[in-house]
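Here the structure comes first, spelled out in structure tokens, and everything after it is commentary.
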Amino acid sequence: MQWYEILVIALAVLFVGGVIGKAIRDKMHGKSGCDCSSCCGNCSDCKKKK
Amino acid sequence: MKKFALAGNPNCGKTTLFNLLTGSTAYVGNWPGVTVDKREGTYKKGIEPVDIIDLPGIYSLSPYTPEEVISRRYILEEKPDCVINIVDATNLERNLYLTTQIMEIDVPMIVALNMMDAVEKNGDKINPKMLEEKLGVPVVAISALKGEGIKELMDRAIKTSKSPRKGRTVLQDSAIAHLIGDVAIALEAQGVEAPLFHAVKLSELDEIEVRMHPELVKMVDAFKATFSDDTFGTDFEAVVADARYQYISKNYTSALSKKERKALTKSDKADRVLTNKWAGIPIFLVILFAIFHLTFSEGFLFSDLWGLPTLEDLGLLTEEGEPIHFGVALLACIYDGAIFSPGCIINNLWNDVIVGNVFGWIRAGIELIPSDWVVAFLSDGILEALAAVLSFLPQILVLFLFFSILEDSGYMARVAFILDRIFRKFGLSGRAFMPMIMGFGCSIPAMINTRTLADEKERTATVRVIPFFSCGAKLPILTAIAGGTLAFFGVGGVDLITYLMYIGGIATAILAVIVMRGTTMKGDVPPFIMELPAYHAPRFSSLMIHLWDKTKHFVKKAFTIILASTVVIWFLSSFGWQFWNGMVEDMDASILASIGKALQWLFTPLGFGAQLNSFGWVFAVAVITGLIAKENVICTFASLASAVVVSGAVAPDILAELEAIAEGSEAAWTMIAATGVTVPALIAFILFNMTTIPCFAACATAKAELPKGKFWKTLVFWVATSYATGIVFYLGGLLAQAIWGVSTVAIVMGVVFAILMGAILTAGVMGIARLTDKKKAVA
């Protein structure tokens, strides 16, 4: 396997993992902490605050 | 940092002012009730930075609606340094009703007389100084729309916030003034803040105050026993409301001098036609069709039926079918045997000039990589999928531009009014239609907007049907499949099919509401009083904010969730369960294929299941990936299209036509050619995706907004409805096809027949429900 093939695989894994991780983080804590001011995704922070 | 709250009646311009002060791009809609929760921003242009809180629109501080509770609680509990009370100057008397209530709270306040430009345009005059003297609080004339008077407002608000203000009431001469005074003294003795406001509310026997101060209710009851008003009896709430209006009319309206005008304004005249009992709905349907025709039609003004020559007939194409020069290439974006609609022209320019070239260059770069699988992954997997989704962006924006124009002009509020007549008969008020209209943009804010519905059952029913109002993410499915159908079978039309599917979605929502409110969710329909905003020309900045939000959201989604999904789809379609053995040569042996085949039979009754040829499982997989984000349905097609072509599933003579297919519809065309799916099945596929479980994000919102225990039932409801809708439309389509053959008429008649069948089924369910009720009553 060539170095660029390994790079493509690593980037793809990192990207998919990052998107899923960010989605979980957003769900847990809101976009940047609690963001009840706009379209709230009903994160845990918002629920506590409410 | 100081905190200023913006409070006022619905649709008086609070959010417009909020955006102006904070530089935000919060959603502004020309109908009452767009803001359902408070939102915050910072004003940085003054002497000092100030936190601005945009409260939802309210008519009073009585706790009748969630918005009133939110606003009242904020002003009383969070104690802002100043309340900026925005008053719609074109409707002074009614707006001052709220002002007189805020005045009773011990909080600095300033009145912003908004829409002064409209007052002047009407030929009326308001004297802000006179009003200021009478109210006893600062009054500043502004126009949030034009940004006039904003600096003066904020400077005076900052100054006002520096000195405390004691509440005062306009009820000092009313019949229950003594009671209010006595209760206020008692509350003050208890150390209650803003005693005057609480005293007035307690005198009205406001439910929150009764709960908070039960010991003082006796005082009110004792007074009640000795009191009787000629008109309102002992209804103190009515007595107070009447006293407020009398005071406003006597004292404040002298600041307003109205020009004598004819009985009917232009808005009134327009409303006589647009909201007419009989003509209102047909006009709405015609406007909706005109929008779809302007956005999607490849035969603008039905020019495809005029018999115009094609570019080939005119000798403007080479033997390979390419334009002979750049000018012809541009012409091909506008005309080819028919004049394209404005939406189509923009889309063609975007795809041919931008997406085609840019993605072509990227593809050429990728092909330099000396690894077949890397090239296949980046080029056929990711790039094709992204190109397919992005190719629809201009048409989505054009469609939303038209929707924004309808909304900003005030017409959408009329649509809610028109549809209230239908929905009311079946158990939903027109108020519930507001979130449904928002559902055309995105289900998430629409579901959040249902918080304004006080009745839990009505709210649950509304949340459930919101996904049936096709959102922007579903448009690529509609346009790609409709485009593929037109290109492969030569029937239908992107505008016609998209329009029919929107109507189909609305019809499904109405039928579902009838069944829900007639069976498991019975309840009274709450009264719906809606103030119709005056018609006005849409503002360019507001339209651009809507479009910018849409673009930002779409592009962000394309390069995050959709891109990540594409990577996973490509992996699953390229490897078998023993993935350590390397890539599979035949996609039919991949993990994705085995998942698709396992689920395929589920869709056989809908026409896109086991009856399809090879690769028919792609439809089943697309349904599943669409649960992550609806755009994924077309991404899945685009990601797998190359592998389908390589496998030889499309006959070479048919494959030659692929070159001529518009970008975006290519993938759908390939799947149609490879799987042998029929037109009725394609329509059923679109409808199934439109009415089934929405994307994960919308599901999370529904779970949060629905009462406990209702979410799982809602998931079952979505699956059952989409399945039933898909089957009904498939059967309707088959019947129509048997009569009219594969034709546009058959598509239209299939949809009409299916809606009728749905209505008959609904009537059947309702009949059974009534019979059961009667039996229960007899027992």
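First to last, the sequence lines map onto chains A and B. Mapping the first sequence onto the working numbering, position 48 (from 1) lands on 48, and the numbers just tick up by one. Each number in the working numbering comes from the position in the second sequence (counting from 1) with 1000 added on. From the three backbone atoms N, C-alpha and C, an ideal C-beta is built for every residue, glycine too.
Looking at residue i: is its Cβ nearer than 8 Å to the Cβ of residue j?
i                      : j                      : result
residue 1431 (chain B) : residue 1452 (chain B) : yes
residue 1183 (chain B) : residue 1240 (chain B) : no
residue 1388 (chain B) : residue 1638 (chain B) : yes
residue 1382 (chain B) : residue 1375 (chain B) : no
residue 1476 (chain B) : residue 1392 (chain B) : yes
residue 1124 (chain B) : residue 1259 (chain B) : yes
residue 1669 (chain B) : residue 1528 (chain B) : no
residue 1534 (chain B) : residue 1468 (chain B) : no
residue 1042 (chain B) : residue 1015 (chain B) : no
residue 1628 (chain B) : residue 1696 (chain B) : yes
residue 1169 (chain B) : residue 1104 (chain B) : yes
residue 1565 (chain B) : residue 1643 (chain B) : no
residue 1494 (chain B) : residue 1743 (chain B) : no
residue 1733 (chain B) : residue 1679 (chain B) : yes
residue 1562 (chain B) : residue 1635 (chain B) : yes
residue 1294 (chain B) : residue 1283 (chain B) : no
Quick one: which chain B residues come within Cβ less than 7 Å of residue i?
i                    : result
residue 12 (chain A) : 1567
Quick one: using the 10 Å Cβ neighbour count with 16 as the cut-off for buried, is residue i buried or exposed?
i                      : result
residue 1326 (chain B) : exposed
residue 1341 (chain B) : buried
residue 1047 (chain B) : exposed
residue 1285 (chain B) : exposed
residue 1771 (chain B) : exposed
residue 1195 (chain B) : buried
residue 40 (chain A)   : Summary for residue 40 (chain A): the model assigns pLDDT 49, below 50, so the residue's position carries little reliability; its value from the coordinates is reported in the next sentence. So residue 40 (chain A) counts as buried.
residue 1164 (chain B) : exposed
residue 1305 (chain B) : exposed
residue 1010 (chain B) : buried
residue 1479 (chain B) : buried
residue 1520 (chain B) : exposed
residue 1244 (chain B) : buried
residue 36 (chain A)   : The pLDDT assigned to residue 36 (chain A) is 40, lower than 50, so where the model puts this residue is not dependable, and the model offers no usable value.
residue 1474 (chain B) : buried
residue 33 (chain A)   : Confidence at residue 33 (chain A) is low in this model, with a pLDDT of 38, below 50, so the placement of that residue is unreliable and no value is reported for it.
residue 1137 (chain B) : buried
Residue i touches chain A at which residues, Cβ-Cβ below 9 Å?
i                      : result
residue 1554 (chain B) : In chain order: nothing, as chain A lies at least about 15 Å away.
residue 1802 (chain B) : Absent from the model: residue 1802 (chain B). The displayed extent of chain B is 1001 to 1779, so no value can be given.
residue 1561 (chain B) : 19, 23
residue 1558 (chain B) : Going along chain A, no residue has its Cβ under 9 Å from residue 1558 (chain B), so there is no contact; the nearest lies around 12 Å.
Would you mind telling me which residues of chain A sit closer than 7 Å to residue i, beta carbon to beta carbon, in chain order?
i                      : result
residue 1454 (chain B) : Under the 7 Å cutoff, chain A gives no residues; its nearest Cβ is about 18 Å from residue 1454 (chain B).
residue 1763 (chain B) : Neighbours of residue 1763 (chain B) on chain A: none; closest Cβ ~37 Å, over 7 Å.
residue 1007 (chain B) : By Cβ distance, chain A contributes nothing, its closest Cβ being about 16 Å from residue 1007 (chain B), past 7 Å.
residue 1598 (chain B) : The premise fails here: residue 1598 (chain B) is roughly 23 Å from chain A at the closest Cβ pair, so nothing lies under 7 Å.
Is residue i near the ligand NAD, going by C-beta to nearest heavy atom under 7 Å?
i                      : result
residue 1737 (chain B) : For the ligand NAD, the structure offers nothing, since it holds no ligand at all.
Check your understanding: How about the stretch 1308 to 1325 of chain B and the stretch 1431 to 1440 of chain B: do they share at least three Cβ pairs that are nearer than 8 Å?
Key -> no
Review point. Should the stretch 1618 to 1627 of chain B be called in touch with the stretch 1670 to 1690 of chain B, which here means at least 3 C-beta pairs below 8 Å?
Key: yes
Exercise for review: May I ask you to list, following chain order, the residues of the stretch 1344 to 1377 of chain B that have a beta carbon less than 9 Å from some beta carbon of chain A?
Suggested key: 1369, 1370, 1371, 1373, 1374, 1377
Review point. Taking three-plus beta-carbon pairs below 8 Å as touching, is the stretch 1743 to 1758 of chain B in contact with the stretch 1719 to 1732 of chain B?
Key: yes
Practice item. Scan the stretch 1659 to 1676 of chain B for residues whose Cβ lies nearer than 7 Å to a Cβ of chain A and list them as they occur along the chain. Key: none
Review point. Does the stretch 1657 to 1668 of chain B come close enough to the stretch 1602 to 1622 of chain B to have 3 or more Cβ pairs within less than 8 Å?
Key: no
**Study point:** Sufficient close CB pairs (3 or more, under 8 Å) joining the stretch 1275 to 1283 of chain B to the stretch 1141 to 1154 of chain B
**Key:** no
Exercise for review: Closer than 9 Å, Cβ to Cβ, to anything on chain A: give me those residues from the stretch 1170 to 1181 of chain B, in chain order.
Suggested key: none
Check your understanding: According to a CB-to-CB cut-off of less than 9 Å, which residues of the stretch 1631 to 1655 of chain B neighbour chain A?
Key -> none
Practice item. Scan the stretch 1327 to 1345 of chain B for residues whose Cβ lies nearer than 9 Å to a Cβ of chain A and list them as they occur along the chain. Key: none
Check your understanding: For the stretch 1349 to 1363 of chain B against the stretch 1535 to 1543 of chain B, are there 3 or more C-beta pairs whose distance is under 8 Å?
Key -> no
Practice item. Kindly confirm or deny that the stretch 1699 to 1709 of chain B and the stretch 1571 to 1591 of chain B touch, where touching means at least three C-beta pairs closer than 8 Å. Key: no
Practice item. May I ask you to list, following chain order, the residues of the stretch 1695 to 1725 of chain B that have a beta carbon less than 9 Å from some beta carbon of chain A? Key: 1696, 1697, 1700, 1701, 1703, 1704, 1705
Exercise for review: With 7 Å as the limit, tell me which residues of the stretch 1075 to 1097 of chain B have their beta carbon closer than that to any beta carbon of chain A; keep them in chain order.
Suggested key: none
Review point. Is there contact here, the stretch 1104 to 1122 of chain B with the stretch 1077 to 1086 of chain B, by at least three beta-carbon pairs under 8 Å?
Key: yes
Exercise for review: Would you list, in chain order, the members of the stretch 1250 to 1280 of chain B that have their beta-carbon closer than 8 Å to a beta-carbon of chain A?
Suggested key: none
**Study point:** Three-pair Cβ contact test at 8 Å for the stretch 1702 to 1719 of chain B versus the stretch 1736 to 1750 of chain B
**Key:** no
Review point. Counting Cβ pairs, one atom from each stretch, are 3 or more of them under 8 Å apart for the stretch 1061 to 1076 of chain B and the stretch 1218 to 1232 of chain B?
Key: no
Review point. If we count Cβ pairs, one from each stretch, closer than 8 Å, do we get three or more for the stretch 1166 to 1180 of chain B versus the stretch 1056 to 1065 of chain B?
Key: no
Practice item. Please determine if the stretch 1219 to 1236 of chain B and the stretch 1054 to 1061 of chain B are in contact, where contact requires at least 3 C-beta pairs separated by less than 8 Å. Key: no
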